[in-house]
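A.B. asks: Following our numbering, the numbering of the sequence shown begins with 323 at its first residue and continues without gaps. Note that the Cβ used here is the ideal one computed from N, Cα and C, for glycine as well.
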Amino acid sequence: MKQITFKPLGSGFRMFALLFFVAIAATSCQKQINTNDEAMASRSVEMASNKPGNSPIAQVAIDNGFTQLVAALMYVDEELNAGLVNLFMNGKDQYTVFAPTDAAFQNLYAALTVKLGTPIDEITDLPATLVLDVLKYHVTGGRRASFSVLPKKGMREITTLLPNATFSVSSSGMITAVGSTAQITAADVNASNGIIHIIDEVLLPIVP
Numbered sequence: 323m324k325q326i327t328f329k330p331l332g333s334g335f336r337m338f339a340l341l342f343f344v345a346i347a348a349t350s351c352q353k354q355i356n357t358n359d360e361a362m363a364s365r366s367v368e369m370a371s372n373k374p375g376n377s378p379i380a381q382v383a384i385d386n387g388f389t390q391l392v393a394a395l396m397y398v399d400e401e402l403n404a405g406l407v408n409l410f411m412n413g414k415d416q417y418t419v420f421a422p423t424d425a426a427f428q429n430l431y432a433a434l435t436v437k438l439g440t441p442i443d444e445i446t447d448l449p450a451t452l453v454l455d456v457l458k459y460h461v462t463g464g465r466r467a468s469f470s471v472l473p474k475k476g477m478r479e480i481t482t483l484l485p486n487a488t489f490s491v492s493s494s495g496m497i498t499a500v501g502s503t504a505q506i507t508a509a510d511v512n513a514s515n516g517i518i519h520i521i522d523e524v525l526l527p528i529v530p
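#1: Give me, in chain order, the residues of the same chain whose beta-carbon lies closer than 6 Å to that of residue 487; leave out the 5 immediate sequence neighbours on both sides.
#2: Check each candidate in 415, 443 and 421 and name the one with the smallest Cα separation from residue 428.
#3: Can you tell me whether residue 525 is buried or exposed? The criterion is at least 16 other CB atoms within 10 Å of its CB, across all chains shown.
#4: Compute the Euclidean distance between the alpha carbons of residue 482 and residue 456, then round it to the nearest angstrom.
#5: Enumerate in chain order the residues of its own chain whose CB-to-CB distance from residue 407 is below 7 Å, with the five nearest sequence positions on each side excluded.
#6: Can you give me the start and stop residues for the beta strand (DSSP E) that residue 512 sits inside?
#7: With residue 518 and residue 421 assumed to form a contact (beta carbons below 8 Å), what rounded beta-carbon distance in angstroms separates them?
#8: Residue 445 to residue 404, Cα distance in whole Å?
#9: If you count every other CB in all the chains shown that lies within 10 Å of the CB of residue 378, and 16 or more means buried, which is it?
#10: Please report the distance separating the alpha-carbon of residue 479 from that of residue 489.
#11: For residue 520, which residues in the same chain have their Cβ closer than 6 Å to its Cβ, ignoring the five residues on either side in sequence?
#12: Looking only at DSSP bridge pairs, what is residue 465 linked to?
#13: Beta strand (DSSP E) containing residue 479: first to last residue?
#14: Return the residue from the list 432, 470, 461 and 462 that minimises the CA-CA distance to residue 448.
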């Protein structure tokens, strides 16, 4: 594979962010949710209760087929010693995770492959610093069930773990992020240390 070098900050980083945004926008009309992901989401959702589940967030993700999300967590831990796997597996604090399906990640890889002219087959083909920022952008502190995420009308702003980065959610579950949009396709997957809301697109925290 041809080597791609991205600077973590500055013009090189922003150029990659621009390509990242344009690629997603160009293929938004072609998004498809894998039928296995839909079936998994249906089995996982506990809509009637906000009570903690029996398993931590990381274990729920592993058990229910979020392989790309888990791979991203492991990648930044290995490369940057980020400690995210331990945080979501053993941590006692409560978090709310907006979790992209495997299909969402695959759409991203396909779009980047076309735009960059170089195969992007997995999360490790992307800079670890960028992946870490993207992961933090999918998490907010506290246990936030759908009733505290979806507004009755208008938009509700969600503050993420990425410093100074927010996104907004509509009453229909449409997320407007800094550089992309996504739809909540299933809500209130309960974990012992938080809640997962499943989304159909990878959220981008970067202004192009």
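C.D. replies: Considering the structure as presented:
#1: Counting from 1 along the sequence shown, the entry for residue 487 is found at position 165. The answer, listed in chain order, is 459 and 527.
#2: Looking up residue 428 in the sequence shown gives position 106. Among 415, 443 and 421, the Cα nearest to that of residue 428 is on 443.
#3: Numbered from its first residue, the sequence shown carries residue 525 at position 203. It is buried - the Cβ of residue 525 has at least 16 other Cβ atoms within 10 Å.
#4: Walking along the sequence shown from the start, residue 482 turns up at place 160. Walking along the sequence shown from the start, residue 456 turns up at place 134. Cα to Cα, residue 482 sits roughly 10 Å from residue 456.
#5: Translated into positions along the sequence shown, residue 407 becomes position 85. Around residue 407: 380, 395, 396 and 399.
#6: Residue numbering aside, residue 512 sits at position 190 when the sequence shown is read from its first letter. 503-513 is the extent of the beta strand (DSSP E) around residue 512.
#7: As a position in the sequence shown, residue 518 is number 196, starting the count at 1. As a position in the sequence shown, residue 421 is number 99, starting the count at 1. Right, their Cβ atoms sit about 5 Å apart.
#8: Taking the first residue of the sequence shown as position 1, residue 445 is located at position 123. Taking the first residue of the sequence shown as position 1, residue 404 is located at position 82. Those two C-alpha atoms are separated by around 16 Å.
#9: As a position in the sequence shown, residue 378 is number 56, starting the count at 1. Residue 378 comes out buried.
#10: Counting from 1 along the sequence shown, the entry for residue 479 is found at position 157. Counting from 1 along the sequence shown, the entry for residue 489 is found at position 167. About 6 Å.
#11: By 1-based counting over the sequence shown, the position of residue 520 is 198. The residues 363, 421, 507 and 508, in chain order, have a CB closer than 6 Å to that of residue 520 in the same chain once the five nearest residues on each side in sequence are set aside.
#12: One-based indexing of the sequence shown puts residue 465 at position 143. Note: residue 465 sits in no beta bridge, so no partner.
#13: Here residue 479 refers to the residue found at position 157 when the sequence shown is read from its first residue. Note, residue 479: beta strand (DSSP E), 477-481.
#14: Working through the sequence shown from its first residue, we reach residue 448 at position 126. When each option's Cα is compared against that of residue 448, the closest is 432.
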